[in-house]
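Taken in sequence, the protein lines are chains F and X. Remember, the numbering used here sits 980 above the position in the first sequence when you count from 1. Remember, the numbering used here sits 176 above the position in the second sequence when you count from 1. Glycine residues also receive a C-beta, built at the ideal position from the N, C-alpha and C atoms.
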Amino acid sequence: MGSVRFDPGLPYRCSPQVALRPEAFGALAYHFGTRRLSFLKSPLLADVVRDLDQHESVHAALDGRGVPEAERAAHVAALAQLADAGTIEPR
Amino acid sequence: MKLVDHFQHGLDAPICLTWELTYACNLACVHCLSSSGRRDPRELDTDECKAVIDELRRMQVFYVNIGGGEPTVRPDFWELVDYATAHRVGVKFSTNGVRITPERARGLAASDYVDVQISLDGATAEVNDAVRGAGSYDTAIAAMRHLSEAGFRGFKLSVVMTRQNIGQLDEFAGLADRYGAQLRITRLRPAGRGADVWQDLHPTAEQQRQLYDWLVAHGEQVLTGDSFFHLNAFGSTPLPGLNLCGAGRVVCLIDPVGDVYACPFAIHDEFLAGNVREPGGFAAVWRSSPLFARLRAPQTGGGCTSCSAFDTCRGGCMAAKFFTGLPLDGPDPECVRGHGEPALAAVAAGAAPRPSGDHSHRGERRSRGPVPVRIGRGRPEPAPADRPCDAGPLAGFRPGRAEHG
């Protein structure tokens, strides 16, 4: 995990080993393989993670959810962290 | 609202749930949190346990920490583990190792959804067996060897820190390393039979400092179940974890008869929220018990509020205060600023509440003197290089650091 550089121009998906649990702050993400818990700190980020497999790139998933331009960099950074933790993966 | 505030107010389902499947145990550890020994005849049966698992799946509780008693002595234990993992409820179970045969170890190594935690309270047989009973060191070591030989990497070696074993921290890390395990250390609580021996077993003030320094140096490799947050008052380096009491907010305990308590260290009527056999089951208890609503309401720090360390230690452990007779809004009995000792001295003899249930083997309880053990000196060994299999529910979580988004 984390060996491949995160590229938001490529297609990703939420790992099949991850369960997402909606919470008021966003979502909890639990990876059954690594047994790591991550915190998705906004409902919008949780939606984007859920949608990833329906888009041709991470950018397209961000567009699809209408992530405001001002929040885009923060979302990309958060998704890079999630890719590093194995929560999301290239497909 | 900050993430920590969400936790403070409680989540729709626990993050980390402890489920004690039975009070039956082949051992009689002097500090047992649940005063285990004899099976309770009212224990949840197989179908009732499966119904609880179904509910946990619906609530998306990702995994349960199964304990006891010794959970593996339940005849349906492996059936329940299989049922949980088949429904994507992960299981980490605590055991003294008695049923971890080479064959069983191979089966466990093959599953992604099961983690094993071997309890050992001394890095030498002398220190361990004084607390956990004759032969228990050898049983635990054999279980670790079986898991290691089966290729199970990153199972947990779980140690309750006592006055007698704090000097062995490096030896524990070495043991974990030798068997490909990860070390997990937790705080001794005066709960269950632990209330009887806490005076003799809990670390001295000097040892608490030693433990804090060791955790600051090794914290990334070692799991703690977030149990040492009271030590944060020592300094500016916060220990990894949530560093707040999660009782009834993000954690709770289901006991063998289905009673739901605020936390595994608080088995007392005062902290009993309900029973999973009641209409609405576990979800109703978690979401609407008046006790949990109270625990999730803003708490006052009482006499601690004016202390400069309050923001880091949050007044310490509710259960430790309760069972030593201290007020819940006062200092922890092991307050590192030294406020615990005068508070303890002011508690009248016999005034501390007694733990509710006693399931000890007959004739086993009470009348134990100080535990006669010598402290071994550790040979420092390198700690494991990474933590590929960290089962801590808050692994990697630092408020304001490892949050996403």
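Of the listed residues the options, nearest to residue i (C-alpha basis)
i: residue 193 of chain X; options: X:441, X:516, X:492 and X:522; result: X:441
i: residue 203 of chain X; options: X:378, X:215, X:228 and X:272; result: X:272
i: residue 482 of chain X; options: X:495, X:210, X:505 and X:451; result: X:505
i: residue 275 of chain X; options: X:292, X:288 and X:265; result: X:292
i: residue 458 of chain X; options: X:245, X:369 and X:227; result: X:227
i: residue 308 of chain X; options: X:447, X:340 and X:195; result: X:340
i: residue 998 of chain F; options: X:266, X:245 and X:179; result: X:266
i: residue 500 of chain X; options: X:523, X:486, X:487 and X:382; result: X:523
i: residue 989 of chain F; options: F:1003, F:1051 and F:1041; result: F:1041
i: residue 243 of chain X; options: X:263, X:224 and X:209; result: X:209
i: residue 383 of chain X; options: X:305, X:288, X:185 and X:404; result: X:404
i: residue 284 of chain X; options: X:207, X:255, X:454 and X:306; result: X:255
i: residue 240 of chain X; options: X:411, X:289, X:520 and X:279; result: X:289
i: residue 280 of chain X; options: X:257, X:298, X:413 and X:263; result: X:257
i: residue 355 of chain X; options: X:385, X:326 and X:207; result: X:326
i: residue 1024 of chain F; options: F:1047, F:1065 and F:1014; result: F:1047
i: residue 365 of chain X; options: X:317, X:336, X:380 and X:357; result: X:336
i: residue 262 of chain X; options: X:277, X:183 and X:230; result: X:230
i: residue 521 of chain X; options: X:512, X:502 and X:536; result: X:502
i: residue 527 of chain X; options: X:301, X:371 and X:319; result: X:371
i: residue 323 of chain X; options: X:300, X:310, X:294 and X:222; result: X:294
i: residue 316 of chain X; options: X:416, X:450 and X:301; result: X:301
i: residue 536 of chain X; options: X:178, X:183, X:184 and X:200; result: X:200
i: residue 407 of chain X; options: X:318, X:215, X:513 and X:519; result: X:513
i: residue 480 of chain X; options: X:385, X:436 and X:409; result: X:409
i: residue 181 of chain X; options: X:534, X:278, X:474 and X:415; result: X:474
Residue(s) in a DSSP beta bridge with residue i
i: residue 1009 of chain F; result: F:1000 and F:1018
i: residue 395 of chain X; result: Note: residue 395 of chain X sits in no beta bridge, so no partner.
i: residue 276 of chain X; result: Per DSSP, none; premise fails for residue 276 of chain X.
i: residue 295 of chain X; result: X:334
i: residue 374 of chain X; result: Partner(s): none; residue 374 of chain X has no beta bridge.
i: residue 270 of chain X; result: X:293
i: residue 435 of chain X; result: X:451
i: residue 1070 of chain F; result: F:992
i: residue 192 of chain X; result: X:427
i: residue 200 of chain X; result: X:213
Partner residues on chain F for residue i, Cβ-Cβ distance less than 7 angstroms
i: residue 236 of chain X; result: 999 and 1001
i: residue 187 of chain X; result: 1003
Chain-order list of residues whose beta-carbon lies under 6 angstroms from that of residue i (same chain, five-residue window excluded)
i: residue 1026 of chain F; result: 1006, 1007 and 1020
i: residue 1063 of chain F; result: 986
i: residue 250 of chain X; result: 197 and 198
i: residue 401 of chain X; result: 362
i: residue 360 of chain X; result: 332, 334 and 399
i: residue 220 of chain X; result: 434
i: residue 188 of chain X; result: none
i: residue 421 of chain X; result: 494
i: residue 453 of chain X; result: 434
i: residue 468 of chain X; result: 424 and 449
Within chain F, partners of residue i - CB distance below 8 angstroms
i: residue 191 of chain X; result: 1008 and 1017
i: residue 264 of chain X; result: 999 and 1012
Within chain X, the residues that residue i reaches when beta carbons sit closer than 8 angstroms
i: residue 1041 of chain F; result: The contacting residues do not exist; residue 1041 of chain F stays about 14 angstroms from chain X at best.
i: residue 1073 of chain F; result: Residue 1073 of chain F is absent from the structure shown; chain F starts at 981 and stops at 1071.
i: residue 1005 of chain F; result: 177, 179 and 182
Proximity test, residue i beta-carbon vs the ligand GDP heavy atom, cut-off 7 angstroms
i: residue 217 of chain X; result: Of the ligands one can find in the structure shown there are none, so the ligand GDP has no counterpart to examine.
Same chain, Cβ closer than 8 angstroms to residue i, neighbours up to 5 away in sequence not counted
i: residue 1029 of chain F; result: 994, 1000, 1007, 1009, 1020, 1059, 1062, 1067 and 1068
i: residue 423 of chain X; result: 438, 439, 442, 447, 471, 494 and 495
i: residue 586 of chain X; result: Absent from the structure is residue 586 of chain X, since the part of chain X shown begins at 177 and ends at 581.
i: residue 236 of chain X; result: 189
i: residue 555 of chain X; result: Because residue 555 of chain X sits at a pLDDT of 36, beneath the cut-off of 50, its placement in the model cannot be relied upon, and the following sentence gives the value as read from the coordinates. Result list for residue 555 of chain X: 346, 347 and 350, in chain order.
i: residue 264 of chain X; result: 233 and 289
i: residue 544 of chain X; result: Because the pLDDT of residue 544 of chain X is 46, which lies under 50, any placement of that residue in the model is unreliable, and the number read from its coordinates should be weighed accordingly. Hits under 8 angstroms: 206, 372 and 373.
Spatial neighbours of residue i in its chain, beta-carbon cut-off 7 angstroms, leaving aside the 5 residues before and after
i: residue 390 of chain X; result: 345
i: residue 393 of chain X; result: none
i: residue 516 of chain X; result: 507, 508, 509 and 510
i: residue 304 of chain X; result: 296, 297, 298, 312 and 313
i: residue 1037 of chain F; result: 988, 989, 990 and 991
i: residue 478 of chain X; result: 503, 505 and 506
For the stretch 275–297 of chain X, list every residue whose C-beta sits within 7 angstroms of some C-beta in chain F, in sequence order. 288, 289 and 291
Please list the residues of the stretch 491–517 of chain X that have a C-beta atom closer than 8 angstroms to any C-beta atom in chain F, keeping them in chain order. none
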